[in-house]
Amino acid sequence: MFRTILHVDLNSFYASVELIHRPELRDKPVAVCGDAEARHGIVLAKSEMAKKAGVKTGDVIWEARIKCPGLVTLSADFHKYLRFSRKAREIYADYTDQIESFGIDDYVLAESVAARLRKHGLKCRTVTISVRNNDLYSFDRQGKLLIPTFISNDIAEKAMELFKANYTWDKPIRSLGVRGADLVTANGHVQIDLFDGDNLEAETLEQTIDTIRKRFGHYSVQRCALLLDRQLTGFNPKDDHTIHPVSYYK
Numbered sequence: 001m002f003r004t005i006l007h008v009d010l011n012s013f014y015a016s017v018e019l020i021h022r023p024e025l026r027d028k029p030v031a032v033c034g035d036a037e038a039r040h041g042i043v044l045a046k047s048e049m050a051k052k053a054g055v056k057t058g059d060v061i062w063e064a065r066i067k068c069p070g071l072v073t074l075s076a077d078f079h080k081y082l083r084f085s086r087k088a089r090e091i092y093a094d095y096t097d098q099i100e101s102f103g104i105d106d107y108v109l110a111e112s113v114a115a116r117l118r119k120h121g122l123k124c125r126t127v128t129i130s131v132r133n134n135d136l137y138s139f140d141r142q143g144k145l146l147i148p149t150f151i152s153n154d155i156a157e158k159a160m161e162l163f164k165a166n167y168t169w170d171k172p173i174r175s176l177g178v179r180g181a182d183l184v185t186a187n188g189h190v191q192i193d194l195f196d197g198d199n200l201e202a203e204t205l206e207q208t209i210d211t212i213r214k215r216f217g218h219y220s221v222q223r224c225a226l227l228l229d230r231q232l233t234g235f236n237p238k239d240d241h242t243i244h245p246v247s248y249y250k
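The sequence shown runs contiguously to residue 250 in full-length UniProt numbering.
So this is what it looks like as structure tokens:
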């Protein structure tokens, strides 16, 4: 049986949404950028005019302005992009209920992967990472886990192990992906370790967190590390990451 997968990429998504709200800018080169004062001053998306001038996703704002002196920079409005992303998703849902989206960030990615595994009653036996540098060179690496898991820490630690063993930092990173593979049912038979109490506690803890978030919302339980920079991490990795167009990670 053959599977047909349709890949939908919304071109220059952030910039396109902004031009819907700012039609007076449609004949100008436009870039949607992060907050420079918060150390996120890079180009997140650019219009076709800006792209033709040489502006690239990931450019520092000052660098983009050198390439395109007439560049109009706009601050990102993620709630607006999420609204349009959901509208697009509603269109996809008219044709299929099997829709998958993509996200980014190490532990945030791992939490997203782990949450989806738990939701579908699955565990992964293999963790795969995909890395792309700013020259657009990319590679994938994968590693086996000792036991199947849906625990975010297990997935993140294996992903970091693979990353450290395979990336030499000769170039800056443009995108990083994490995937769980070699899936098995979560209630399947596994070899029990007499000293595996910590693992069982971690599974129970993450399932409990899922229950709390389902009732009170994702932000009711957060990792302390994610509270240090709310502008960078203040989104739901399982749901809100649908605002990121796939091209942003290429």
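Backbone N, C-alpha and C fix where the C-beta goes; we use that ideal spot for every residue, glycine too. Just so we're clear, the structure is a prediction, and the values are computed from it rather than from any experiment.
Going by DSSP, which residues form a beta bridge with residue i?
i: S46; result: Inspection of the sequence shows that residue 46 is occupied by Lys rather than by Ser. Looking at the DSSP assignment, K46 forms a beta bridge with A31.
i: L136; result: L136 is not bridged to any residue.
i: L122; result: T185
i: T73; result: A31
i: V127; result: G143, G180
i: V60; result: I42
Looking only at its own chain, which residues have a Cβ that is under 7 Å from the Cβ of residue i, when we skip the five neighbours before and after it?
i: I20; result: none
i: L6; result: none
i: G34; result: H40, G41, I42, L44, A76
Let me make sure I understand the geometry here. Which of the options has the alpha-carbon closest to that of residue i?
i: I147; options: T126, V8, I173, H120; result: T126
i: C68; options: F84, L44, M49; result: M49
i: G54; options: L74, A31, G41; result: A31
i: Q142; options: K46, V8, T128; result: T128
i: T168; options: C33, L44, D182, F139; result: F139
i: K119; options: G34, D210, V221; result: D210
i: R179; options: K144, Y219, C33; result: K144
i: S112; options: S220, E206, L6; result: E206
i: Y95; options: E161, D77, K28, V8; result: V8
i: L117; options: S75, N187, Y137; result: N187
Can you give me the Cβ contacts of residue i inside the same chain, cut-off strictly under 6 Å, excluding the 5 residues immediately before and after it?
i: N11; result: none
i: R65; result: L71
i: G177; result: S130
i: T149; result: K123
i: R89; result: none
i: F84; result: V17
i: L183; result: L122, C124
i: R132; result: S138, R174, S175
Just to confirm my understanding: we take residue i, look at its own chain, exclude 5 residues before and 5 after, and list those with CB closer than 8 Å. What are they?
i: E81; result: Checking the displayed sequence, the identity of residue 81 turns out to be Tyr instead of Glu. Only F13, Y14, V17, I243 meet the Cβ criterion.
i: E63; result: none
i: T185; result: G121, L122, K123
i: N134; result: G58, K171, P172, I173, R174
i: I151; result: A114, N199, A202, E203, E206
i: V221; result: I209, I212, R213
Determine, using beta carbons only, whether residue i comes closer than 8 Å to chain C.
i: R223; result: Absent from the structure: chain C. Only one protein chain is present.
*Is it true that the segment 149 to 160 meets the segment 117 to 133, where meeting means three or more beta-carbon pairs spaced less than 8 Å apart?*
yes
*Runs of alpha helix (DSSP H) lying entirely within the segment 135 to 181, each at least 4 residues, in chain order*: With a minimum length of 4 residues, the unbroken runs of alpha helix (DSSP H) contained wholly in the segment 135 to 181 fall at 152 to 166.
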